[in-house]
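Trainee: Per the working numbering, the very first residue in the sequence shown carries number 50; after that it's consecutive.
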Amino acid sequence: MDDPALLPALTRIAEALERLAPPPAAAPSLAGADAFVWHPEPRPRLAPVPRVAAVPIDLLRGVERQKGLLLENTMRFARGFTANNAMLWGARGTGKSSLVKAAHAAANAELPGSLALIEIQREDIRTLPDLLGLLRAQERRCLVFCDDLSFEREDADYKALKSVLDGGIEGRPANVLFYATSNRRHLMSRDMIENERSTAIHGSEAIEEKVSLSDRFGLWIGFHNADQDTFFAMIEGYAAHFGLPVSTEELHAQAVEWSVTRGGRSGRVAWQFILDLAGRLGVRIAP
């Protein structure tokens with residue numbers, strides 16, 4: 050500086066600006082709970098969830114292959130080994146989100162406190178890099194979970210997800226996995242893909258960028274509607290677990306009627322039937 054006399058004044062100004070600046074965000078604490086919800090605004094925070102609405106993994110029927118794949122991946126990660134990001138796709142109500150929560154619960158049952166489940170809402174997916182930045186310094190391993198993930202026309206949030214899955218310069222934190230569920234196999238709407246074809250100079254390359262977003266998940270698990278035998282296995286498992294006083298014949302007859310009125314058979318329909326049946330039988334169960 051040419052004029053040393055200005056130095057004290059500039060120092061006072063700098064100190065005043067520092068006092069006016071908001072304090073840096075405190076590192077989130079992952080102690081005291083096994084699950085959290087990410088709230089990026091107005092001030093980034095992780096809200097603890099005292100109790101996760103999870104179904105015991107043994108009660109999830111008709112998804113044995115899917116259950117084996119996700120549970121093995123989750124347990125490997127909980128034990129400190131490498132594992133893959135996972136996308137669970139398929140029809141509504143087939144147990145995708147239930148399986149994620151059940152696998153998390155099973156891992157913590159075997160290895161208490163090993164995994165924190167952190168839910169991020171679809172509309173906040175653009176803040177995923179910020180969340181991972183906060184989790185990078187954590188010792189605890191984390192499953193970041195987004196339920197019902199998909200992207201619509203003119204939606205550029207997929208770029209934030211693509212960056213995370215690709216790793217970027219920093220790479221995905223070693224203590225974080227990303228799990229997502231979607232009703233769409235490729236996460237993108239058909240309109241969005243067709244729009245890229247019509248506007249891009251090289252349409253095939255633009256479409257490939259969209260479709261390949263799903264391919265960036267190392268584990269890709271499909272779910273489908275249940276047949277009648279599988280549906281019966283679901284409700285029989287629930288009925289036995291909760292001790293519902295009903296014969297198998299009556300259970301099947303009522304379940305068929307229930308599924309017909311709901312227009313299909315799925316894990317969600319089976320669970321809704323059991324809740325209704327337990328209420329009518331006077332048996333208290335936790336939904």
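Don't be surprised by glycine CBs; every beta carbon is placed ideally from N, CA and C.
Assuming Gly123 and Ala152 are in contact, meaning their beta carbons sit under 8 Å apart, how far apart are those beta carbons, in whole angstroms?
Mentor: Note that residue 123 is Thr in the sequence shown, not Gly. Indeed, because the Cβ distance is near 4 Å, the residues count as touching under 8 Å.
Trainee: Determine the DSSP secondary structure at Ser296, reduced to helix, strand or coil.
Mentor: Three-state result, Ser296: coil.
Trainee: Below 8 Å on the Cβ atoms is my contact criterion, and I expect Ala140 with Ser315 to pass it. Report the Cβ-Cβ distance as a whole number of Å.
Mentor: Yes, they are in contact, since the Cβ atoms of Ala140 and Ser315 sit about 7 Å apart, within 8 Å.
Trainee: Measure from the alpha carbon of Asn81 to the alpha carbon of each residue in Ala209, Val225 and Pro161, then state which is nearest.
Mentor: A small correction: the amino acid at residue 81 is Gly; Asn does not occupy that position in the sequence shown. Residue Pro161 is the option with its Cα nearest to Gly81.
Trainee: Please state whether the Cβ-Cβ distance between Leu226 and Leu192 is less than 7 Å.
Mentor: Cβ distance < 7 Å, so Leu226 and Leu192 count as in contact.
Trainee: If you measure between the beta carbons of Leu236 and Phe266, is that distance less than 7 Å?
Mentor: No. Outside cutoff.
Trainee: Assuming His88 is part of the beta strand (DSSP E), what are its boundary residues?
Mentor: Residues Ala84 to His88.
Trainee: To which residues does DSSP link Leu164 through a beta bridge?
Mentor: Beta-bridge pairing links Leu164 to Arg190.
Trainee: With which residues is Ile323 paired in a DSSP beta bridge?
Mentor: In DSSP, Ile323 forms no bridge with anything.
Trainee: In terms of residue numbering, what span does the beta strand (DSSP E) encompassing Gly271 cover?
Mentor: Gly271 -> beta strand (DSSP E) spans Leu268 to Phe272.
Trainee: If you follow the alpha helix (DSSP H) that Arg125 is part of, which residue opens it and which one closes it?
Mentor: Element bounds for Arg125: Glu113 to Ala127.
Trainee: Would you kindly work out how many angstroms separate the C-alpha atoms of Gly331 and Ser296, rounded to a whole number?
Mentor: The alpha-carbon atoms of Gly331 and Ser296 are separated by roughly 16 Å.
Trainee: Confirm, please, whether the CB-CB distance from Leu198 to Ser231 is below 7 Å.
Mentor: In contact: Ser231 and Leu198 (Cβ atoms closer than 7 Å).
Trainee: Taking C-beta to C-beta, are Gly144 and Val112 nearer than 7 Å?
Mentor: Yes. Within cutoff.
Trainee: In the DSSP assignment, find the beta strand (DSSP E) that holds Ser231 and state where it starts and stops.
Mentor: That run of the beta strand (DSSP E) goes Val225 to Ser231.
Trainee: Find the nearest neighbour of Ala282 within the set Leu108, Arg233, Phe291 and Arg94, judged by alpha-carbon distance.
Mentor: Among Leu108, Arg233, Phe291 and Arg94, the Cα nearest to that of Ala282 belongs to Leu108.
Trainee: Starting from Pro97, trace the beta strand (DSSP E) in both directions and tell me its first and last residue.
Mentor: Unbroken beta strand (DSSP E) run through Pro97: Arg94 to Pro97.
Trainee: Does Phe130 come out as helix, strand or coil in the three-state DSSP assignment?
Mentor: Residue state, collapsed to three classes: coil.
Trainee: Grab the span of the beta strand (DSSP E) containing Gly139 for me, first residue to last.
Mentor: Run containing Gly139: Ala135 to Gly139, per the beta strand (DSSP E) assignment.
Trainee: I believe Arg185 touches Ala127 by the beta-carbon criterion, under 8 Å. Please report the beta-carbon distance rounded to the nearest angstrom.
Mentor: Their Cβ separation, rounded to whole angstroms, is 18 Å, which puts Arg185 and Ala127 out of contact at 8 Å.
Trainee: What residue does the alpha helix (DSSP H) around Ser315 start on, and which one ends it?
Mentor: It is not in any alpha helix (DSSP H) - Ser315 carries neither H nor E in the DSSP assignment.
Trainee: Based on Cα-Cα distance, which residue from Asn157, Arg234 and Val86 lies nearest to Trp269?
Mentor: Nearest option by C-alpha distance: Arg234.
Trainee: In the DSSP assignment, find the alpha helix (DSSP H) that holds Val149 and state where it starts and stops.
Mentor: Element bounds for Val149: Lys145 to Glu159.
Trainee: Could you give the distance in angstroms between the alpha-carbon of Leu1 and the alpha-carbon of Ala335?
Mentor: No answer is possible for residue 1: it lies beyond the span of the chain, which begins at 50 and ends at 336.
Trainee: So Thr279 is in the alpha helix (DSSP H); what residue range does that whole segment cover?
Mentor: Per DSSP, Thr279 belongs to the alpha helix (DSSP H) from Gln277 to Phe291.
Trainee: Work out the CA separation of Arg125 and Leu95 for me, nearest whole Å.
Mentor: Computed Cα separation, rounded: 25 Å.
Trainee: State the Cα-Cα distance for the pair Glu172 and Ala84, rounded to the nearest angstrom.
Mentor: C-alpha separation (whole angstroms): 19 Å.
Trainee: Rounded to whole angstroms, what's the CA-CA distance from Ala135 to Asn224? Just pull it up for me.
Mentor: Approximately 15 Å between the Cα atoms of the pair.
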